[in-house]
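In numbering that gives the first Met the number 0, the protein residues as written are 0 to 109. Okay, structure first, notes after.
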Amino acid sequence: MRTGGNTKFDGNFKGAAGDWIEATVTPDMHIQSVKKSTPAYTLEGDVLKVDGNFVTVTGEGGKEVRLQTGKDTKLTGSHKVGDRIRAEYTPDGQILSIKEVKIPRGPGGA
Numbered sequence: 000m001r002t003g004g005n006t007k008f009d010g011n012f013k014g015a016a017g018d019w020i021e022a023t024v025t026p027d028m029h030i031q032s033v034k035k036s037t038p039a040y041t042l043e044g045d046v047l048k049v050d051g052n053f054v055t056v057t058g059e060g061g062k063e064v065r066l067q068t069g070k071d072t073k074l075t076g077s078h079k080v081g082d083r084i085r086a087e088y089t090p091d092g093q094i095l096s097i098k099e100v101k102i103p104r105g106p107g108g109a
């Protein structure tokens, strides 16, 4: 990707190595606009345990990931053991948003 003279930077954001950003990009990989972003990861997996405001989820390769909800967490529904969820979380494990993922079923419910 590349920036150009017409790339719009949000506020006085200049960007530095290691910054998390959100960018609008054209099909030819030209960055139209860029702004600083909250560091976040996305995880989809099955809920293994719910303990107060902590949720343990199976991550990539079956690895268990322990995440924490907080006052700013955007919750969609309630989540229990066995649910498949998608969570967006910060590098320190704070959940930004969490929602249930519906698992598609084939004909006859299988």
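Even for Gly, the Cβ is constructed at its ideal location relative to N, Cα and C.
Looking at Ile30, Pro38, Arg65, the one whose alpha-carbon comes closest to that of Val46 is Arg65. Between Ser32 and Phe8, the C-beta spacing is below 9 Å.
Fully contained in the stretch 23 to 106 are the following beta strand (DSSP E) runs of length 3 or more, in chain order: 30 to 35, 40 to 50, 53 to 57, 63 to 67, 73 to 75, 83 to 88, 94 to 99. A distance of 9 Å or more separates the beta carbons of Ile84 and Glu63. Taking 9 Å as the cut-off, the beta carbon of Leu74 is found no closer than this to the beta carbon of Ile102. In summary, Gly44 is buried, with 16 or more beta-carbon neighbours lying within 10 Å of its beta-carbon over all protein chains present.
Residue burial is scored here from C-beta neighbours: Thr37 has fewer than 16 other C-beta atoms within 10 angstroms and is therefore classed as exposed.
In this structure, the alpha-carbon of Met28 lies about 19 Å from that of Ala15. Spatial neighbours of Gly69 in its own chain (CB-CB distance under 8 Å, excluding positions within 5 residues in sequence) are listed in chain order as Asn52, Gln93, Ile94. In the three-state reduction of the DSSP assignment, Phe8 falls in the strand class.
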